[in-house]
Amino acid sequence: MLARHANLLIAVAGLILLPHLVSAFGLTLTSATDITILALACMALNLLVGYTGLVSFGHGAWFGLGAYGAALLQRHVFPDAGLILVLPAAALVTLAAIPIGFVVLRRRGVYFSLLTLAFTALLYTVAFRWTDFTGGENGLGGVKRGAAFGVDLEQAWPFYLIVAGVALAVIYGLQRFVRSPLGSVLVSIRENEQRARFIGYNTTLYKLACFVLSAGITSFAGALMVFHHRFASADPVSIAFSGELLAMVVIGGMRSFLGPALGALFFVLFRECLSMWTPNWLFWFGLLFVGFIVFSPTGLVGVAARLLAPLRKKREEDAAMGQRVGAELRPLPASLTAHAPWRETAPILVAEGLARSFGGIKAVQAGAVAVRDKTLHALIGPNGAGKTTAFNLISGMF
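Numbering-wise, the sequence shown is residues 148 to 545 according to my numbering.
1) Pull up the distance between the alpha-carbon of I346 and that of H152, whole angstroms please.
2) Counting along the chain, where does the alpha helix (DSSP H) carrying E499 start and finish?
3) For L409 and G286, what's the separation of their Cα atoms in angstroms?
4) Below 8 Å on the Cβ atoms is my contact criterion, and I expect G514 with L501 to pass it. Report the Cβ-Cβ distance as a whole number of Å.
5) I need the DSSP call for F358, collapsed to helix, strand or coil.
6) Is it right to say C93 is buried, meaning 16 or more other beta carbons lie within 10 angstroms of its own, or is it exposed?
7) Which whole-angstrom value describes the C-beta separation of G207 and A237, a residue pair presumed to lie in contact below a C-beta threshold of 8 Å?
8) Compare the C-alpha of V448 against each of F430, A265, G406 and L455 and name the closest.
9) Could you name the residues of the same chain whose beta carbon sits closer than 7 Å to that of V497, not counting the 5 residues immediately before and after it, in chain order?
10) Just to confirm before moving on: does the CB-CB distance between V397 and I440 stay below 8 Å?
11) Taking the alpha helix (DSSP H) that A265 falls in, what are its first and last residues?
12) Alpha carbon to alpha carbon, what distance is there between D382 and L220?
13) Is the number of C-beta pairs between the region 303-313 and the region 241-252 that are closer than 8 Å three or more?
14) Could you name the residues that DSSP lists as bridge partners for L287?
15) Let me know the secondary structure DSSP gives G312 once reduced to three states.
16) Give me the residue from P457, A303, V450 and Q341 with the minimum Cα distance to N539.
17) Between V233 and A217, is the Cβ-Cβ spacing less than 8 Å?
18) Spell out a yes or no on whether the region 385-404 and the region 427-447 are touching, meaning 3 or more CB-CB pairs, one atom from each, closer than 8 Å.
19) Using a 10 Å radius around the Cβ and a threshold of 16 neighbouring Cβ atoms, would you call G205 buried or exposed?
20) Is it true that the CB of A362 sits closer than 8 Å to the CB of W209?
21) Have a look at the DSSP bridge pairing and note the partners of A517.
22) Determine the extent of the alpha helix (DSSP H) in which N193 is found, giving its start and end residues.
23) Could you have a look at Q512 and say whether DSSP puts it in helix, strand or coil?
24) Do you know how far the Cα of F505 is from the Cα of T535?
25) Can you tell me whether DSSP reads A228 as helix, strand or coil?
26) Could you pull out every residue in the same chain whose Cβ sits closer than 6 Å to the Cβ of A274, ignoring the five residues on either side in sequence?
27) Between the Cα of R292 and the Cα atoms of A510, G229 and A394, which residue gives the shortest distance?
28) Are the beta-carbon atoms belonging to L118 and A368 less than 8 Å from one another?
29) Excluding sequence positions up to five away, which residues of its chain have a Cβ less than 7 Å from the Cβ of L333?
30) Considering only C-alpha positions, which residue in the set I184, F414 and G173 is nearest to G446?
31) Closer than 8 Å by C-beta to F388: which residues in its own chain qualify, once you throw out the five before and the five after it? Chain order, please.
32) Out of A191, S422, N427 and A452, which one is the CA nearest neighbour of G173?
33) With a threshold of 7 Å, establish whether the CB of N154 neighbours any heavy atom of the ligand ATP.
34) With distances taken Cα to Cα, identify the nearest neighbour of E284 among Y271, R377 and F296.
35) For E301, does the count of other Cβ atoms within 10 angstroms reach 16, so buried, or fall short, so exposed?
36) Pick out the complete alpha helix (DSSP H) segments inside the region 387-468, 4 residues or longer, and give them in chain order.
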């Protein structure tokens, strides 16, 4: 039971200890709230990068759109509303992400990444130059948090507690999502999209669902941030901020559920502490980022795992030996004993006349195979003999 909810328990402990941790570094509760909100954005981005294998270079656009959406709604539509505006702002951005995702997901790999980069660059130009609507370089100030349940959210502690509670709810939802069958399909798309598509999954639809969900949560985090700082600007829409989000995910650990949150913590502490000593802190952060890419692709979580590996290996060996003794004491099923009756059955798969040519090269010619139930078969041959082509012919790929 504890193992099943370990991520949630770690998140609860982290949010409780976070104000004390930043205080130990000489920082205020504002930094703790920054870390919490950025952690949500990074975990949302990790749905694409870590779980689906889609590297977005422009995810800051959704963060900025959520921030602008909340600020504009309060300024022009609901002037008396406060923090509750994060919900309609995130909902509007989520709806906008559907057609945009449909367009950018028509390309894969580096082309998808470049499309997200171009979208962010375009949006930043619009936000920076449309001064009548977005405020341009002056931004939109005067955002009010309001009150919730009779509590004045203009104070730092009540606002942090609200943000922490919302973050826990989002983390719980994300955990349910990644552990669901849909989350398993996303991982299969990351590992081999062609195989996932072949066994019947509409990979484009699954990627679109993940893209929209990731954009929605990121915009939600952006809306929280605008109420936190009471100000919306074009900075979150910039390419630099998108790069920072991606760096937090990589440094924390892409293949770990809470790794991106750890990356957000590390980034804020690194930025706040090192900027006191040098204005060139981003240069040193860049060097550190390259170091993680080269020496620890699994991020901070991977470093911790390697440090704990000797202890974990000993426990796993002991557990494996205990299971082996238990297995030796169990009797074999009747079907696996030497006296098990053999029944001749008809083949369940028969393929004949397999042939495939690539130009003037005959990869497979007059191939045939028959597979019976509960039997082992092997297709053996040197490189270039046509083994993979034969499997592709049997599967119907060719």
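The beta carbon of each residue, even a glycine, is placed where N, CA and C say it ideally should be.
Note that the structure is a prediction, hence the values are computed from the model and not measured.
Result, derived from the coordinates:
1) 31 Å
2) Note, E499: premise wrong, no alpha helix (DSSP H); beta strand (DSSP E) at L496 to F505.
3) 30 Å
4) 3 Å
5) helix
6) Residue 93 is absent from the structure shown; the chain starts at 148 and stops at 545.
7) Actually they are not in contact, since the Cβ atoms of G207 and A237 sit about 15 Å apart, beyond 8 Å.
8) G406
9) A517
10) yes
11) G256 to R276
12) 19 Å
13) no
14) A379
15) helix
16) Q341
17) yes
18) yes
19) buried
20) yes
21) V497
22) L176 to N193
23) strand
24) 13 Å
25) coil
26) T281, A381 and V384
27) G229
28) A query on residue 118 cannot be resolved here, the shown segment of the chain reaching from 148 to 545 and no further.
29) Y198, T199, Y353 and C357
30) F414
31) G207, F210, G211 and D382
32) S422
33) This structure does not include the ligand ATP; it has no bound ligands of any sort.
34) Y271
35) exposed
36) 406-421 and 428-442
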